[in-house]
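Novice:
Numbering (our numbering), first residue to last: 157 to 517.
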């Protein structure tokens with residue numbers, strides 16, 4: 157991978173590296189944001205559920221203190237039990253009217269009781285376990301989490317329901333103390349034996365988890381989209397800065413270095429004044445106070461030294477070639493002279509010996 161990157165241009169390398177960083181950071185951010193947004197959504201829904209539950213409890217308290225005493229008087233004269241005298245029934249009916257709105261249709265509220273008078277308030281195994289947790293830990297005032305209802309995940313918020321008003325025991329202490337019309341309606345087997353300050357049920361609200369997941373997903377996608385847009389703009393700006401601040405200043409240096417390397421053959425036609433536009437750009441870069449300006453100044457000095465050395469080397473080579481040429485000529489002239497002297501000596505020896513042949517004519 158490193159070798160592949162090294163073969164690419166500088167801008168391309170930065171783009172690839174930043175893109176990889178962008179992709180990894182986006183995935184990491186999405187995971188973290190999804191978790192945070194889900195927790196935030198849970199917290200928001202929990203607060204909404206607690207507000208709703210507090211409202212229902214305020215209705216319950218008002219019913220017990222203000223409405224129920226008057227209804228009990230009427231109820232004693234009736235042969236048929238009136239369920240509206242029971243606070244839990246009133247609260248449940250009010251919540252059912254609340255569910256008539258489409259956005260709250262899948263919300264559920266229940267006073268999940270271990271020993272209820274009305275069978276619809278009977279706690280299931282899951283809710284029984286919640287009541288047990290509240291009884292085990294008296295300081296625990298809230299439990300929330302997820303469970304599956306009718307094949308769909310639901311978020312629940314549960315609080316303990318404690319008997320704090322002695323008037324509740326009028327109907328739930330013993331069958332003998334309970335109104336006869338209530339016994340006739342619900343029987344004498346369930347809903348009795350309650351004690352003051354006892355946790356007998358859990359108030360629980362179920363909210364479709366899809367709503368929480370949808371809200372968290374929407375917030376996460378929005379946050380990641382904003383992050384991606386900002387990062388894309390930053391990537392574009394960095395790419396432009398690399399081009400104008402690094403790549404373009406390096407190009408004149410690269411071209412001058414190329415010109416110098418192409419003159420390695422010591423062509424006498426090369427001149428430092430050729431490609432003056434490149435050297436002018438180099439001069440402008442050298443005026444900068446940053447690292448590139450410092451590099452340009454060093455490069456200028458190096459180019460001048462290289463050019464000067466090439467000129468000196470060319471001059472020295474020319475002198476060496478001229479000297480060698482002269483020596484070669486002198487050697488050739490010396491060889492001719494030696495042959496001529498040798499011939500003269502040969503003829504002289506022949507004359508002395510009288511062996512010189514007669515010349516014609």
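Backbone N, C-alpha and C fix where the C-beta goes; we use that ideal spot for every residue, glycine too.
Suppose contacts are defined by Cβ-Cβ distances below 8 Å. Is residue 197 in contact with residue 372 by that definition?
Specialist: Result yes, Cβ atoms of residue 197 and residue 372 sit closer than 8 Å.
Novice: Can you give the Cα-Cα distance for residue 309 and residue 365, rounded to whole angstroms?
Specialist: One C-alpha to the other measures close to 5 Å.
Novice: Do residue 356 and residue 274 have their C-beta atoms closer together than 8 Å?
Specialist: It is not a contact, given that the beta carbons lie outside the stated cut-off.
Novice: Tell me where the alpha helix (DSSP H) around residue 366 begins and ends.
Specialist: Element bounds for residue 366: 365-398.
Novice: For residue 319, list the residues DSSP reports as bridge partners.
Specialist: Note: residue 319 sits in no beta bridge, so no partner.
Novice: Our contact map puts residue 219 next to residue 238 with C-beta atoms below 8 Å; I'd like the distance itself, whole angstroms only.
Specialist: Not really, about 13 Å apart at Cβ, beyond 8 Å.
Novice: Looking at the structure shown, is residue 348 part of a helix, part of a strand, or coil, going by DSSP?
Specialist: Of the three classes helix, strand and coil, the one that applies to residue 348 here is coil, per DSSP.
Novice: Do you know whose CA, among 301, 334 and 396, lies nearest residue 241's CA?
Specialist: Nearest C-alpha to residue 241: 334.
Novice: Residue 344 to residue 368, Cα distance in whole Å?
Specialist: Between residue 344 and residue 368, the C-alpha separation is close to 42 Å.
Novice: In terms of residue numbering, what span does the beta strand (DSSP E) encompassing residue 269 cover?
Specialist: Where residue 269 is concerned, the enclosing beta strand (DSSP E) stretches over 264-269.
Novice: Would you check if the distance between the CB atom of residue 244 and the CB atom of residue 297 is smaller than 8 Å?
Specialist: No, these two residues do not count as a Cβ contact at 8 Å.
Novice: On the DSSP letters alone, give me the boundaries of the alpha helix (DSSP H) that residue 251 sits inside.
Specialist: Unbroken alpha helix (DSSP H) run through residue 251: 243-254.
Novice: Which class does residue 304 belong to by DSSP, given the choice of helix, strand or coil?
Specialist: Here residue 304 sits in strand by DSSP.
Novice: From this set, 381, 187 and 439, which residue's C-alpha is nearest residue 406's C-alpha?
Specialist: Looking at the Cα atoms, 439 is the closest of the given residues.
Novice: Between the segment 204-218 and the segment 376-391, do at least 3 Cβ pairs fall closer than 8 Å?
Specialist: With a cut-off of 8 Å, the segment 376-391 and the segment 204-218 do not count as touching, because too few Cβ pairs lie within range.
Novice: Hey, how far is the Cα of residue 429 from the Cα of residue 398?
Specialist: Unreliable positioning characterises residue 429 in this predicted model, as indicated by a pLDDT of 49, which lies under 50. A coordinate reading is not provided.
Novice: Is residue 197 helix, strand or coil by DSSP?
Specialist: In the structure shown, residue 197 sits in a helix (DSSP, three-state: H, G or I).
Novice: For residue 185, which residues from the same chain have a beta carbon less than 7 Å from its beta carbon, with the 5 sequence-adjacent residues on both sides left out?
Specialist: Closer than 7 Å at the Cβ level, and outside the excluded window around residue 185, lie 380 and 383.
Novice: Roughly how many angstroms separate the alpha carbons of residue 443 and residue 200, rounded to a whole number?
Specialist: Roughly 60 Å between the two C-alpha positions.
Novice: Would you call the CB atoms of residue 189 and residue 267 closer than 8 Å?
Specialist: No. Outside cutoff.
Novice: Tell me, which residues are paired with residue 309 by DSSP?
Specialist: Note: residue 309 sits in a beta bridge opposite 304.
Novice: Candidates 480, 347 and 187: which alpha carbon is nearest residue 332's?
Specialist: Minimum Cα distance to residue 332 is reached at 347.
Novice: Please state whether DSSP places residue 336 in a helix, a strand or coil.
Specialist: Reduced to three states, the DSSP call for residue 336 is helix.
Novice: Report yes if the C-beta distance between residue 354 and residue 386 is below 8 Å; otherwise report no.
Specialist: Not in contact: residue 354 and residue 386 (Cβ atoms no closer than 8 Å).
Novice: Between which two residues does the alpha helix (DSSP H) containing residue 288 stretch?
Specialist: Taken as a continuous stretch (DSSP letters only), the alpha helix (DSSP H) holding residue 288 covers 281-292.
Novice: Thinking C-beta only, is residue 312 closer than 8 Å to residue 265?
Specialist: In this structure, residue 312 does not lie closer than 8 Å to residue 265 by Cβ.
Novice: Using a Cβ-Cβ cut-off of 6 Å (strictly less than) and excluding sequence neighbours within five positions of residue 193, which residues of its own chain qualify?
Specialist: The answer, listed in chain order, is 372, 375 and 376.
Novice: Using 10 angstroms around the beta-carbon of residue 481, count the other beta-carbons present and answer buried if the total reaches 16, otherwise exposed.
Specialist: Burial call: exposed.
Novice: Using three-state DSSP, classify residue 330 as helix, strand or coil.
Specialist: DSSP places residue 330 in coil when its eight states are reduced to three.
Novice: Of the residues 212, 303 and 269, which one's Cα is nearest the Cα of residue 250?
Specialist: The option with the nearest alpha carbon to residue 250 is 212.
Novice: Just the C-alpha distance for residue 415 and residue 402, rounded to the nearest angstrom, thanks.
Specialist: Those two C-alpha atoms are separated by around 21 Å.
Novice: Report yes if the CB atom of residue 359 is closer than 8 Å to the CB atom of residue 206, and no otherwise.
Specialist: Contact flag unset, no.
Novice: Identify the residues that DSSP records as bridge partners of residue 362: which are they?
Specialist: Paired residues: 264 and 312.
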